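Residue numbers (UniProt numbering), protein chains in the order written: chain A, 1 to 248; chain B, 1 to 218; chain C, 1 to 256.
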């Protein structure tokens, strides 16, 4: 058995799965951001109905497991849409986006609630409409505060994307197990290799988000933070609960 | 292929068996995560850099890679080492516990960092010995601050146990998947009920943690 | 111009204003004085629609502010109506409330462009003029966090003037400033008072400023007007014991 020859020959087979992982992560993150702003604005609304709808959706997707949601989407979406549904990547993006979007919605709501009330009063004094207030003043100020917890969530989403292998989407995790097959040295190599790849992807996300944060903070005339790229994780649920407490 | 109550009924005992294993794994993993996290946080404060730097690197690596891959990796390694298939449940529970220790360590650390400076000064002023200071003064305060975060990590861990179905832990998702594979039906019912069970178990705990967090914030 | 008709404001059980009546004429400069908790700031916040009246009606330029006409009757105002009426009103806050995400110039042009529909150039030109007026032409590209408190407040004044308000509300505009920065801001406001005919309602503890700027001083205590008249009378020769003791306390404080 030529170990080195085998594993080297296998490497090109990772090219497509790498892009499936990146696609699911980027697609899922963008969809999650959309969901987060929609639900987050609704959850901070004056109207009880909007708040109620948002809260229900948020609690539902946070309370049920992502793995279950993924399987559930795979079963239910084709049923609900009355079609044979082969694009598992779309389902993966939907499930990842809804799940992490629900967590991110709390981040969005919390950061918006933390904008000082004086800012809102100034908007009133200048006769801004709700959307002008949000677009011109509130969201630009809340955005830098959102980035660190969103960065934590994006890395969680990257890790969560490995679950799509459970519904037979050929991502990195799936490919490593296909190439490994038996519990031997080769399999261990493949798994170790993709662990390193995931770590590098995490690092890239963290670096990118740090860059965004610096830019956003500069946009507020603040000194950007100087930390290493992979900083401490911000516990997302706790962070939002704290913001809720401040809001009261 | 709509909703079928009979199928749901047939699935129920399987789901309950899955839930039992789910809770068992959650318990073992949580204990590991809570204990190991504390050890890591305390080591990080007191050990020399030659120890803390590699420890930090290992924790970073664990935290930033998927638990699914970690579980398969460790299971493969242990199986090779033993020469026979490793126990999926124990392997899975330990991997999940260690994975979450990389998070709880940060929660403990934040709790310790949040202790007011005056407390440390008072300890010095009273010449309290270090072990005593930690047990009587510092840890009780740190734990109080860390509790909501720790609780939330336990909930998160609970919801990630189904990932271990990949190495054959027969929790709820694996049970439903097995049933659906044999009978070509039951996926809709099984996954829906499994989701609701997750919600019913985790939501009250989540509410409790939020309440606690609010109380601590005031 | 501004007319309070039996205005009541309660916060829970606390009745801050108890059936308040007064009128302010166009171009008049009115200073509200009185101990803290007497309801002065609440009056400004009601006019700016930051608070809603519990009972009674506030009129601005003959239009009901707290209410709107529905045939003969008055019904509680909705957001659209309030937005319409309050375009004529500007406010300068104690804590400045500049937008930290925008540079100074954009803080000033934002509302004229987005609310009044001015062109960017138009708003830009006007903002430059206003910055010159407040003596901060060189700070147009700075962020608020890079300015001192006094500078921030001068920008805030420019920002409110950019909306060309008929009525300007000044809510303890120097209270958050370091003592040495107060004079600049007050001098600026005196200039504005002299060079325009904007109606002003002022809440301040700066008695000298109040005397110089106002046509009229109203002394409040526990939500009612105790004394109302020209500054020479209210501050120089107060009729009421409560006004006397208040003035004594404030003046004593500013000397000490």
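Using N, Cα and C, we set each Cβ at its ideal position, and we do this for glycine too. Remember, it's a predicted structure, so these values are computed and weren't measured experimentally.
Does DSSP classify residue 200 of chain C as helix, strand or coil? Working through the third chain from its first residue, we reach residue 200 of chain C at position 200. Residue 200 of chain C falls in the strand class under three-state DSSP.
Anything in the region 106–123 of chain A with a Cβ closer than 7 Å to a Cβ of chain C? List those residues in chain order, please. 118, 119, 121, 122
Residue-level contact to chain C via CB, residue 78 of chain A, 8 Å cutoff: Residue 78 of chain A sits at position 78 when you count from the first residue of the first chain. No, residue 78 of chain A does not count as interfacial toward chain C.
Quick one: list the residues of chain A neighbouring residue 54 of chain C, beta-carbon separation under 9 Å, in chain order. As a position in the third chain, residue 54 of chain C is number 54, starting the count at 1. Those within 9 Å of residue 54 of chain C in chain A number zero; the least Cβ separation is about 19 Å.
Can you find a CB in chain B that lies within less than 8 Å of the CB of residue 323 of chain A? In the structure displayed, chain A extends from 1 to 248; residue 323 of chain A sits before or after that span and is not available.
Under 7 Å (Cβ pairs) to chain A, residues found in the region 74–103 of chain C: 83, 86, 87, 90, 91, 93, 95, 97, 99, 100, 101
Give the DSSP bridge partners of residue 266 of chain C, in chain order. Since the first and last residues shown for chain C are 1 and 256, residue 266 of chain C lies out of range.
Which runs of the alpha helix (DSSP H) spanning at least 4 residues fall entirely within the region 41–97 of chain B, listed in chain order? 49–63, 67–82
Quick test of your reading: residue 149 of chain B and residue 107 of chain B, contact by CB under 8 Å. State the CB separation rounded to the nearest angstrom. Within the second chain, residue 149 of chain B is the residue found at index 149, counting from 1. Within the second chain, residue 107 of chain B is the residue found at index 107, counting from 1. With a Cβ gap of about 4 Å, residue 149 of chain B and residue 107 of chain B count as contacting.
Starting from the N-terminal side, write out each stretch of the alpha helix (DSSP H) that is 4 residues or longer and does not extend beyond the region 138–162 of chain B. 139–160
Under 9 Å by beta carbon: chain A residues contacting residue 67 of chain C: Locating residue 67 of chain C in the third chain gives position 67, counting from the first residue. Going along chain A, no residue has its Cβ under 9 Å from residue 67 of chain C, so there is no contact; the nearest lies around 18 Å.
Whole-number beta carbon distance between residue 98 of chain A and residue 150 of chain A, since they are thought to touch under 8 Å: One-based indexing of the first chain puts residue 150 of chain A at position 150. One-based indexing of the first chain puts residue 98 of chain A at position 98. Rounded, the Cβ-Cβ distance is 16 Å, inconsistent with contact.
Distance between residue 94 of chain C and residue 61 of chain B (C-alpha atoms, nearest Å): Taking the second chain and counting its residues from 1, the one referred to as residue 61 of chain B is at position 61. Taking the third chain and counting its residues from 1, the one referred to as residue 94 of chain C is at position 94. Distance between the alpha carbons of residue 61 of chain B and residue 94 of chain C is about 49 Å.
For residue 8 of chain A, does the count of other Cβ atoms within 10 angstroms reach 16, so buried, or fall short, so exposed? Here residue 8 of chain A refers to the residue found at position 8 when the first chain is read from its first residue. Residue 8 of chain A should be labelled exposed.
Within 8 Å (strictly less), CB to CB, does residue 94 of chain B reach chain A? Locating residue 94 of chain B in the second chain gives position 94, where the first residue counts as 1. No, residue 94 of chain B lies away from the interface with chain A (no Cβ there is under 8 Å from its Cβ).
With 8 Å as the threshold, decide whether the Cβ of residue 71 of chain A is near any Cβ in chain B. Here residue 71 of chain A corresponds to residue number 71 of the first chain, with the count starting at 1. It does: the Cβ of residue 71 of chain A has a partner Cβ on chain B nearer than 8 Å.
Complete beta strand (DSSP E) runs within the region 130–186 of chain C (minimum length 3 residues, chain order): 167–171
Please give me, in chain order, every unbroken run of the alpha helix (DSSP H) with length at least 4 that falls completely inside the region 9–76 of chain A. 15–43, 48–63
By the criterion of Cβ-Cβ separation under 7 Å, what are the contact partners of residue 183 of chain A in chain B? As a working note, residue 183 of chain A is residue 183 in the first chain. Neighbours of residue 183 of chain A on chain B, chain order: 76, 79, 80.
Only counting the same chain, and skipping five residues up and downstream in sequence, which positions put a Cβ closer than 8 Å to that of residue 152 of chain B? Against the second chain, residue 152 of chain B aligns to sequence position 152. Within the same chain, residue 152 of chain B has close Cβ partners 206, 209.
With C-beta atoms as the reference, is residue 213 of chain C less than 8 Å away from residue 189 of chain C? Residue mapping note: residue 213 of chain C aligns to position 213 of the third chain, counting from 1. Residue mapping note: residue 189 of chain C aligns to position 189 of the third chain, counting from 1. Going by C-beta atoms, residue 213 of chain C is nearer than 8 Å to residue 189 of chain C.
Tell me whether the beta-carbon of residue 65 of chain A lies closer than 8 Å to the beta-carbon of residue 162 of chain B. In the first chain, the residue the question calls residue 65 of chain A occupies position 65. In the second chain, the residue the question calls residue 162 of chain B occupies position 162. Closer than 8 Å, so yes.
From the DSSP output, read off the bridge partner residues of residue 74 of chain C. The sequence position of residue 74 of chain C within the third chain is 74, counting from 1. Answer is C/69, bridged to residue 74 of chain C.
Who are the near neighbours of residue 216 of chain A in its chain, counting only those whose CB is closer than 7 Å to its CB and skipping five residues on each side? Residue mapping note: residue 216 of chain A aligns to position 216 of the first chain, counting from 1. Cβ within range, chain order: 143, 144, 147.
Backbone CA spacing between residue 172 of chain B and residue 194 of chain B [nearest angstrom]: For the purposes of this step, residue 172 of chain B is taken as residue 172 along the second chain, with counting starting at 1. For the purposes of this step, residue 194 of chain B is taken as residue 194 along the second chain, with counting starting at 1. The alpha-carbon atoms of residue 172 of chain B and residue 194 of chain B are separated by roughly 6 Å.
Supposed close pair residue 114 of chain C, residue 132 of chain A - CB separation, criterion 8 Å: Locating residue 114 of chain C in the third chain gives position 114, counting from the first residue. Locating residue 132 of chain A in the first chain gives position 132, counting from the first residue. Contact flag correct, Cβ pair sits at about 5 Å.
Pairwise C-alpha distance: residue 244 of chain C and residue 250 of chain C: The residue given as residue 250 of chain C occupies position 250 in the third chain. The residue given as residue 244 of chain C occupies position 244 in the third chain. Cα to Cα, residue 250 of chain C sits roughly 10 Å from residue 244 of chain C.
Determine whether the beta carbon atoms of residue 11 of chain B and residue 179 of chain B lie at a separation below 8 Å. For this step, residue 11 of chain B is matched to residue 11 along the second chain. For this step, residue 179 of chain B is matched to residue 179 along the second chain. Yes; because the gap between Cβ atoms is below 8 Å, this pair is in contact.
Starting from residue 21 of chain C and walking both ways along the beta strand (DSSP E), at which residues does that stretch end? One-based indexing of the third chain puts residue 21 of chain C at position 21. Run containing residue 21 of chain C: 14–24, per the beta strand (DSSP E) assignment.
Which residues DSSP lists as bridging residue 225 of chain C, in chain order: On the third chain, residue 225 of chain C is found 225 positions in, with the first residue counted as 1. For residue 225 of chain C, which the question treats as bridged, DSSP gives the partners C/220.
With 8 Å as the threshold, decide whether the Cβ of residue 133 of chain C is near any Cβ in chain A. Translated into positions along the third chain, residue 133 of chain C becomes position 133. No - not a single Cβ of chain A is within 8 Å of the one on residue 133 of chain C.
From this set, A/106, A/12, A/211, which residue's C-alpha is nearest residue 35 of chain A's C-alpha? If you number the first chain from 1, residue 35 of chain A lands on position 35. When each option's Cα is compared against that of residue 35 of chain A, the closest is A/106.
Which residues in chain A have a C-beta closer than 7 Å to the C-beta of residue 173 of chain B? List them in chain order. For the purposes of this step, residue 173 of chain B is taken as the residue at position 173 of the second chain. Near residue 173 of chain B (Cβ distances below 7 Å), the residues of chain A are 67, 68, 71.
Spatial neighbours of residue 193 of chain A within its chain, please: CB distance less than 6 Å, with the 5 preceding and 5 following residues excluded, ordered by chain position. Here residue 193 of chain A refers to the residue found at position 193 of the first chain. Answer for residue 193 of chain A: no residue qualifies.
Per-residue DSSP class, three states only, for residue 32 of chain C: Indexing the third chain from 1 puts residue 32 of chain C at position 32. DSSP places residue 32 of chain C in strand when its eight states are reduced to three.
Taking the alpha carbon of residue 25 of chain B as the reference point, which residue from B/92, B/103, B/80 has its own alpha carbon closest? Locating residue 25 of chain B in the second chain gives position 25, where the first residue counts as 1. Checking every option, the nearest Cα to that of residue 25 of chain B belongs to B/92.
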